[in-house]
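Letter by letter, the sequence shown follows residues 10 to 135 in my numbering.
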Amino acid sequence: KPCSPSVLAARVRAALRGTAEPEPFVLGGLTIHYDQRRVTVVGRPVKLTATEYELLRVLSVNAGRALTYDSLLRQAWGRRRDASDPKLVRAVVKRLRRKLGDDAASPAYIRNERGVGYRMPGPDDA
Numbered sequence: 010k011p012c013s014p015s016v017l018a019a020r021v022r023a024a025l026r027g028t029a030e031p032e033p034f035v036l037g038g039l040t041i042h043y044d045q046r047r048v049t050v051v052g053r054p055v056k057l058t059a060t061e062y063e064l065l066r067v068l069s070v071n072a073g074r075a076l077t078y079d080s081l082l083r084q085a086w087g088r089r090r091d092a093s094d095p096k097l098v099r100a101v102v103k104r105l106r107r108k109l110g111d112d113a114a115s116p117a118y119i120r121n122e123r124g125v126g127y128r129m130p131g132p133d134d135a
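Right, here's the structure in full:
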């Protein structure tokens with residue numbers, strides 16, 4: 010049934026009020042607060058660049074799944090011209106691991122999938 014624009018606007022506002030905030034992603038000591046674009050490790054805030062945060066967000070949203078270098082480039086960098094080389098992903102992952110205190114030899118947060126890309130452990134991973 011058609012309704013007036015003011016009624017429609019009121020319904021939209023009511024629906025938006027009921028929208029829940031996204032739950033933070035937690036993996037060991039790592040917490041990603043999506044609604045605030047904030048990352049903490051054992052309660053300590055971690056300063057990330059926009060690119061580092063976006064790569065970490067993409068990995069966490071897809072936790073448990075291996076993501077190819079191309080997929081990470083597409084999702085984290087979008088269509089930017091500088092985003093065409095897997096070395097770019099490796100460099101950002103290296104910086105992320107250093108900032109998160111994640112040991113590359115035995116990573117807890119960002120795991121390498123040899124010849125494929127990277128994966129963040131999911132809830133069922135040991």
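Think of the CB as a built atom: it goes at the ideal place given N, C-alpha and C, for glycine as much as any other residue.
*Determine the direct distance from the alpha carbon of A100 to that of A85, and round the result to whole angstroms.*
Rounded to the nearest angstrom, the two C-alpha atoms are 14 Å apart.
*Classify V98 as buried or exposed, calling it buried when 16 or more other Cβ atoms lie within 10 Å of its own Cβ.*
By the neighbour-count rule (16 or more Cβ atoms within 10 Å), V98 is buried.
*DSSP beta-bridge partners for P54?*
According to the DSSP secondary-structure assignment, P54 is paired through a beta bridge with T49.
*Exposed unless 16 or more other CB atoms sit within 10 angstroms - verdict on G37*: Under this definition G37 is an exposed residue.
_Contact set for D111: own chain, Cβ-Cβ below 8 Å, skip 5 residues either direction_ = Once the five neighbours on either side are set aside, the close Cβ partners of D111 are L105, A117, Y118 and I119.
_If I measure Cβ to Cβ from V67 and keep anything under 8 Å in the same chain, skipping five residues before and after, which residues do I get?_
When the five nearest sequence neighbours on each side are left out, the beta carbons in the same chain lying within less than 8 Å of the beta carbon of V67 are those of L76, L81, Q84 and A85, in order along the chain.
_Distance CB(Y62)-CB(R46) smaller than 8 Å_ = Yes, Cβ-Cβ distance for Y62 and R46 is below 8 Å.
_Three-state secondary structure assigned by DSSP to V101_ = Correct three-state label for V101: helix.
*So, T40 versus T49, is the Cβ gap smaller than 8 Å?*
By the CB criterion at 8 Å, T40 and T49 fall inside the cutoff.
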